[in-house]
Amino acid sequence: MAALDAVVAAAADAAGIALDAAGARAVGGGCINAAWRVPGPDGPVFLKTNRASGREMFDAEAAGLRSLREAQALRVPEVLAAGLAADTAWLMLEWVEPGRADRRTELALGRGLAAQHRVGADAFGWERDNWIGATPQENAPSADWPAFFAIHRLGFQVDLLETAGSAGSLIGPARRLIEQVPALLAGHAPAPALLHGDLWGGNWAADASGAPWLFDPAVYFGDREADLAMTRLFGGFGPDFYAAYEEAWPLPEGDGLRADLYNLYHVLNHVNLFGTGSLAQASRLVERLRAAAGG
Numbered sequence: 007m008a009a010l011d012a013v014v015a016a017a018a019d020a021a022g023i024a025l026d027a028a029g030a031r032a033v034g035g036g037c038i039n040a041a042w043r044v045p046g047p048d049g050p051v052f053l054k055t056n057r058a059s060g061r062e063m064f065d066a067e068a069a070g071l072r073s074l075r076e077a078q079a080l081r082v083p084e085v086l087a088a089g090l091a092a093d094t095a096w097l098m099l100e101w102v103e104p105g106r107a108d109r110r111t112e113l114a115l116g117r118g119l120a121a122q123h124r125v126g127a128d129a130f131g132w133e134r135d136n137w138i139g140a141t142p143q144e145n146a147p148s149a150d151w152p153a154f155f156a157i158h159r160l161g162f163q164v165d166l167l168e169t170a171g172s173a174g175s176l177i178g179p180a181r182r183l184i185e186q187v188p189a190l191l192a193g194h195a196p197a198p199a200l201l202h203g204d205l206w207g208g209n210w211a212a213d214a215s216g217a218p219w220l221f222d223p224a225v226y227f228g229d230r231e232a233d234l235a236m237t238r239l240f241g242g243f244g245p246d247f248y249a250a251y252e253e254a255w256p257l258p259e260g261d262g263l264r265a266d267l268y269n270l271y272h273v274l275n276h277v278n279l280f281g282t283g284s285l286a287q288a289s290r291l292v293e294r295l296r297a298a299a300g301g
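Per my numbering, the sequence shown starts with residue 7, numbered consecutively.
Right, dumping it as structure tokens:
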């Protein structure tokens, strides 16, 4: 606990607030970081900690949260401070009191996400590289969406798989699919949209009033359909969410096939992060997409 005391003291000093290290309690923070609810006289804060090497990851997360807050489309925790203390990287955020999602929450989430996606840019990518889970994510700006997705999303993941040597026969078909990405996206010309980037059901929640909040982003500017695709990959979003989004900004035809393509990125990332449990799913996606592209 000595390290936590030092981190809480450093966080309090950086943000200019009083915090009670003795009252800190562990809360759910995902599988990458430790997380704490730390009380103070003006209310609690949310504190994430990791090894010192996680400092860049926290800095990138903070930048992503700020970008999403600037969109003023959905609620996003305020970044209070970030730093390094006692060989521990830390990120301190506004505390969001959890509540229960209902139909109103889902409707607000759908409308809000559509509004967030209206925030555009001059190019795909982002101002800096960041992380998708614990995997680095390349965001070098590009005016060419198919090339960006082929190189910096699918290509990067396949390179990691090949280096690890665990994907076996998937590598060859996956590399041929990467060459077919322009064909799969032919006639589709999305504008760069501000994406959450890691929008699965565990990265949003309702507060005590029922309002939806976003957190743990992997922000970049991309095809808005990439966010929508991921919402369907692991579940956690109801029909009211999709109805509200479609009412606010309908998706163009062909989004089902593109969803498979965009979700392949996340499935490949799961193979890289967690082993071969998702390898069969990745292989099926590659086979289906290659067939759609004409072999």
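We put the beta carbon where it would ideally sit given N, CA and C, even for glycine.
Because the structure is a prediction, the values reported are computed rather than measured.
Determine the contact status of A88 and A58, defining contact as a CB-CB distance below 8 Å.
Counting from one through the sequence shown, the residue named residue 88 turns up at place 82. Counting from one through the sequence shown, the residue named residue 58 turns up at place 52. Result no, Cβ atoms of A88 and A58 do not sit closer than 8 Å.
Alpha-carbon to alpha-carbon, V33 and F247:
The sequence position of residue 247 within the sequence shown is 241, counting from 1. The sequence position of residue 33 within the sequence shown is 27, counting from 1. If you take the alpha carbons of F247 and V33, they lie about 27 Å apart.
Measuring straight from C-alpha to C-alpha, what distance separates E100 and L74?
Numbered from its first residue, the sequence shown carries residue 100 at position 94. Numbered from its first residue, the sequence shown carries residue 74 at position 68. Spanning the two alpha carbons is a distance of roughly 14 Å.
Answer yes or no: do A199 and F154 have a C-beta to C-beta separation smaller than 8 Å?
As a first step, residue 199 must be located in the sequence shown, where it is residue number 193. As a first step, residue 154 must be located in the sequence shown, where it is residue number 148. No, the Cβ-Cβ distance between A199 and F154 is not below 8 Å.
Nonlocal neighbours in the same chain, by C-beta distance under 6 Å from A265, ignoring five residues either side
Numbered from its first residue, the sequence shown carries residue 265 at position 259. A235.
With H, G and I counted as helix, E and B as strand and the rest as coil, what does DSSP make of R57?
Position 51 of the sequence shown holds residue 57. Strand.
Counting pairs of Cβ atoms below 8 Å between the region 205 to 212 and the region 281 to 295, do you hit three or more?
no
From P188 to A217, what distance separates their C-alpha atoms?
Here the question's residue 188 lines up with position 182 in the sequence shown. Here the question's residue 217 lines up with position 211 in the sequence shown. The alpha-carbon atoms of P188 and A217 are separated by roughly 39 Å.
Entirely within the region 183 to 271 and at least 3 residues each: give me those beta strand (DSSP E) ranges in chain order.
199 to 201, 210 to 212, 218 to 220 and 226 to 228
May I have the straight-line CA-CA distance separating F64 from E133, to the nearest angstrom?
Indexing the sequence shown from 1 puts residue 64 at position 58. Indexing the sequence shown from 1 puts residue 133 at position 127. Taking the straight line from one Cα to the other gives about 15 Å.
Sub-8 Å separation of E112 and A250 beta-carbons
Counted from its first residue, the sequence shown places residue 112 at position 106. Counted from its first residue, the sequence shown places residue 250 at position 244. Going by C-beta atoms, E112 is nearer than 8 Å to A250.
contact_flag[the region 166 to 183, the region 39 to 49] where n(CB pairs < 8 Å) is 3 or more
no
According to the neighbour-count rule (16 or more other Cβ atoms, all chains shown, within 10 Å of its Cβ), is Q78 buried or exposed?
In the sequence shown, the residue the question calls residue 78 occupies position 72. With fewer than 16 Cβ atoms within 10 Å of its Cβ, Q78 is classed as exposed.
Simplified DSSP state of E76, which is helix, strand or coil
Looking up residue 76 in the sequence shown gives position 70. Helix at E76.
Report the residue from D48, D261, A121 and H272 whose alpha carbon sits nearest the alpha carbon of A195.
Here residue 195 is taken as the residue at index 189 of the sequence shown, counted from 1. Checking every option, the nearest Cα to that of A195 belongs to D261.
DSSP three-state label for I138, please.
Residue 138 sits at position 132 when you count from the first residue of the sequence shown. Reduced to three states, the DSSP call for I138 is strand.
Own chain, CB closer than 6 Å to G244, minus 5 neighbours either side, in chain order:
Along the sequence shown, read from residue 1 onward, the residue named residue 244 stands at position 238. If we look at G244 and ignore the five residues flanking it on each side, its Cβ neighbours are E112.
Taking the C-alpha atoms as reference points, what is the distance between A95 and N145?
In the sequence shown, residue 95 corresponds to position 89, counting from 1. In the sequence shown, residue 145 corresponds to position 139, counting from 1. In a straight line, the C-alpha of A95 is about 23 Å away from that of N145.
Excluding the 5 residues preceding and the 5 following A170 in the sequence, name in chain order all residues of the same chain whose CB lies nearer than 8 Å to its CB.
Within the sequence shown, residue 170 is the residue found at index 164, counting from 1. Only N278 meet the Cβ criterion.
Enumerate in chain order the residues of its own chain whose CB-to-CB distance from A127 is below 8 Å, with the five nearest sequence positions on each side excluded.
For the purposes of this step, residue 127 is identified with residue 121 of the sequence shown, where counting begins at 1. P198, L200 and F227.
To the nearest angstrom, report how far apart L115 and G301 are at their CA atoms.
By one-based count along the sequence shown, residue 115 stands at place 109. By one-based count along the sequence shown, residue 301 stands at place 295. Cα-Cα distance, rounded: 38 Å.
Apply the 10 Å Cβ neighbour rule to G22 and answer buried if 16 or more other Cβ atoms are within range, or exposed otherwise.
For this step, residue 22 is matched to residue 16 along the sequence shown. Exposed, by the Cβ-count rule.
CB of L295 within 8 Å of CB of L190, strictly
The sequence position of residue 295 within the sequence shown is 289, counting from 1. The sequence position of residue 190 within the sequence shown is 184, counting from 1. In this structure, L190 lies closer than 8 Å to L295 by Cβ.
Ignoring anything shorter than 3 residues or poking outside the region 100 to 147, list the beta strand (DSSP E) runs there in chain order.
136 to 138 and 141 to 143
Which of helix, strand or coil does DSSP assign to L166?
The residue given as residue 166 occupies position 160 in the sequence shown. Note: L166 maps to helix in three-state DSSP.
First and last residue of the uninterrupted alpha helix (DSSP H) at R31:
Numbered from 1 along the sequence shown, position 25 holds the residue referred to as residue 31. Element bounds for R31: not the alpha helix (DSSP H) but the beta strand (DSSP E), R31 to V33.
What is the DSSP secondary structure of G313, reduced to helix, strand or coil?
Because the chain here runs from 7 to 301, residue 313 falls outside it and cannot be looked at.
Can you tell me whether G118 is buried or exposed? The criterion is at least 16 other CB atoms within 10 Å of its CB, across all chains shown.
Position 112 of the sequence shown, counted from the start, is the residue given in the question as residue 118. By the 10 Å Cβ count, G118 comes out buried.
Which listed residue (L53, S172 and L80) has its alpha carbon closest to that of A16
Taking the sequence shown and counting its residues from 1, the one referred to as residue 16 is at position 10. Closest by alpha carbon: L53.
Taking all protein chains shown into account, decide if R106 is buried (16 or more other Cβ within 10 angstroms of its Cβ) or exposed.
The residue labelled residue 106 in the question sits at position 100 within the sequence shown. It counts as exposed.
Mark A120 as exposed unless 16 or more other C-beta atoms lie within 10 angstroms of its C-beta, in which case mark it buried.
Along the sequence shown, read from residue 1 onward, the residue named residue 120 stands at position 114. The residue in question, A120, is buried, as its Cβ has 16 or more Cβ neighbours within 10 Å.
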